[in-house]
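So the sequence lines, in the order shown, correspond to chains A and B.
If you read the first sequence in our numbering, its first letter stands for residue 328, the second for the next number, and so on.
If you read the second sequence in our numbering, its first letter stands for residue 168, the second for the next number, and so on.
The beta carbon of each residue, even a glycine, is placed where N, CA and C say it ideally should be.
A quick note: this is a predicted structure, and the numbers were derived from the prediction, not measured.
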Amino acid sequence: KTKQQNIMSFFTKK
Amino acid sequence: MFEARLISATILKKILDAIKDLLNEGTFDCSDSGIQLQAMDNSHVSLVSLTLRSDGFDKFRCDRNISMGMNLGSMAKILKCANNDDTVTIKAQDNADTVTFMFESPNHEKVSDYEMKLMNLDQEHLGIPETDYSCVVRMPSMEFARICRDLAQFSESMLICCTKEGVKFSASGDVGSANVKLAQTSSVDKEEEAVSIEMQEPVTLTFACRYLNAFTKASPLSGQVQLSMSADVPLVVEYRIQDLGHIRYYLAPKIED
């Protein structure tokens, strides 16, 4: 079973 | 005053086709260097980043930076009204709440303009760090589209495994399993048909087929696609738009639960 990660956890908010 | 003209409406239609399945709306940030759009899909799993350089336009004028929030469904309706060989001009006044798309036939005998209301979108801009990727694969965009379509039949997720021998796409589910291996091409007639792999370290990552398939809607923009991968970071799927810019899709990997 795999879990989808969120893209925001990889990039910083500007 | 903002004004940007492209000789052929086709390119704009293709760009819109490449983003409208993922995004309902987007902000086009215009400056004298060109047009940029950065937006996440509704589920915040992927990020679309579009760059169109001002020097790629037939005419480009941007006196003051403006951000134009557009409903992409409405924009698609308007672009449907353009013929592929029409010239398209996008125009907006400074601080305007509308944008105008003007289409001109090649013989200039038919001119149409469509005004669209702009939206105030509260979109977060994300900083994307420069990354040295462990594996960079370049391959024909139609081949990638075909593999994504085929493997999506077997599972929601696809494994991409890249080694110096080649790149392998795998999916397994109730029906069974599927594996597609591509080796680096030794010689090709056309550069577009080449498969090339630059590998520092082998990488295996899992991604949702639904998003990969959405990205392949950009295939008509470029003969080649570039996949950049490193362990535990988003995949970058890049389509270059000749003489104009690029569209990059970032996709967060899936991990073992």
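Item to check | 7 angstroms Cβ cut-off: residues of chain A touching S213(B) | outcome: When 7 angstroms is used as the limit between beta carbons, S213(B) is near these residues of chain A: I334, in chain order.
Checklist entry - Taking just the CA atoms, how far does M306(B) sit from E332(B)? => result Looking at the backbone, the Cα of E332(B) and that of M306(B) are separated by about 15 angstroms.
Checklist entry - So, is T383(B) buried or exposed, given that buried needs 16 or more other C-beta atoms within 10 angstroms? => result Classified as buried, T383(B) has 16 or more neighbouring CB atoms from the shown chains inside 10 Å of its CB.
Checklist entry - According to a CB-to-CB cut-off of less than 9 angstroms, which residues of the segment 193-225 of chain B neighbour chain A? => result So the close ones are M207, D208, S210, H211, V212, S213 and L214.
Checklist entry - How about K421(B): is its C-beta nearer than 8 angstroms to some C-beta of chain A? => result Residue-level contact by beta carbon holds for K421(B) and chain A, with a gap shorter than 8 angstroms.
Next on the checklist: Here's a check: name, in chain order, each residue in its chain whose Cβ is nearer than 6 angstroms to the Cβ of D196(B), leaving out the five neighbours to either side.
Outcome noted: Apart from the 5 residues on each side of it in sequence, D196(B) sits with its Cβ closer than 6 angstroms to the Cβ of Q203 and S234 in its chain, given in chain order.
Next on the checklist: Determine whether the beta carbon atoms of M325(B) and L379(B) lie at a separation below 8 angstroms.
Outcome noted: Contact flag set, yes.
Checklist entry - Can you tell me where the alpha helix (DSSP H) with A419(B) in it begins and where it stops? => result Neither: A419(B) is in no alpha helix (DSSP H) and is coded neither H nor E.
Next on the checklist: So C315(B) and T371(B) are supposed to be a Cβ contact under 8 angstroms. How far apart are they, rounded?
Outcome noted: Between the beta-carbon of C315(B) and that of T371(B) there is about 17 angstroms, and that puts the pair past the 8 angstroms contact cut.
Next on the checklist: Using a Cβ distance threshold of 8 angstroms, determine whether the segment 247-256 of chain B contacts the segment 170-179 of chain B, with at least three qualifying pairs required.
Outcome noted: Segments in contact, yes.
Checklist entry - Hey, how far is the Cα of P296(B) from the Cα of S272(B)? => result Spanning the two alpha carbons is a distance of roughly 43 angstroms.
Item to check | Distance CB(K330(A))-CB(D317(B)) smaller than 8 angstroms | outcome: No. Outside cutoff.
Next on the checklist: Residues of chain A with CB closer than 7 angstroms to the CB of S373(B), please, in chain order.
Outcome noted: It should be noted that the sequence gives Thr, not Ser, for residue 373(B). Here the neighbours are T329.
Checklist entry - Mind checking V342(B): buried by the 16 CB within 10 Å criterion, or exposed? => result Label assigned to V342(B): exposed.
Checklist entry - Are at least three pairs of beta-carbons, each pair with one atom in the segment 181-201 of chain B and one in the segment 218-238 of chain B, less than 8 angstroms apart? => result Touching, per the Cβ criterion.
Item to check | Buried/exposed call for K328(A), threshold 16 Cβ in 10 Å | outcome: It counts as exposed.
Next on the checklist: What would DSSP say about V281(B), mapped onto helix, strand or coil?
Outcome noted: According to the sequence displayed, residue 281(B) carries Tyr and not Val. In the structure shown, Y281(B) adopts extended strand secondary structure according to DSSP, grouped into three states.
Item to check | Three-way DSSP call (helix, strand, coil) for Y300(B) in this model | outcome: Three-state result, Y300(B): coil.
Next on the checklist: Quick check on DSSP: helix, strand or coil for N380(B)?
Outcome noted: N380(B) falls in the helix class under three-state DSSP.
Checklist entry - Among residues of its own chain, excluding the 5 on either side of A312(B), which ones have a beta-carbon nearer than 7 angstroms to its beta-carbon? => result Taken in chain order, the residues that qualify are T383 and S386.
Item to check | Buried versus exposed call for C229(B) [16 or more other C-beta atoms within 10 Å across all chains shown] | outcome: With at least 16 other beta carbons inside 10 angstroms of its own, C229(B) counts as buried.
Next on the checklist: Can you look up L402(B) in the DSSP assignment and give me helix, strand or coil?
Outcome noted: The answer is strand: DSSP assigns L402(B) an E or B state.
Next on the checklist: By alpha-carbon positions, which one of D264(B), M286(B), V215(B) and K277(B) ends up nearest to A185(B)?
Outcome noted: When only C-alpha atoms are compared, the closest one is V215(B).
Item to check | Where G294(B) sits in the DSSP three-state scheme | outcome: Of the three classes helix, strand and coil, the one that applies to G294(B) here is strand, per DSSP.
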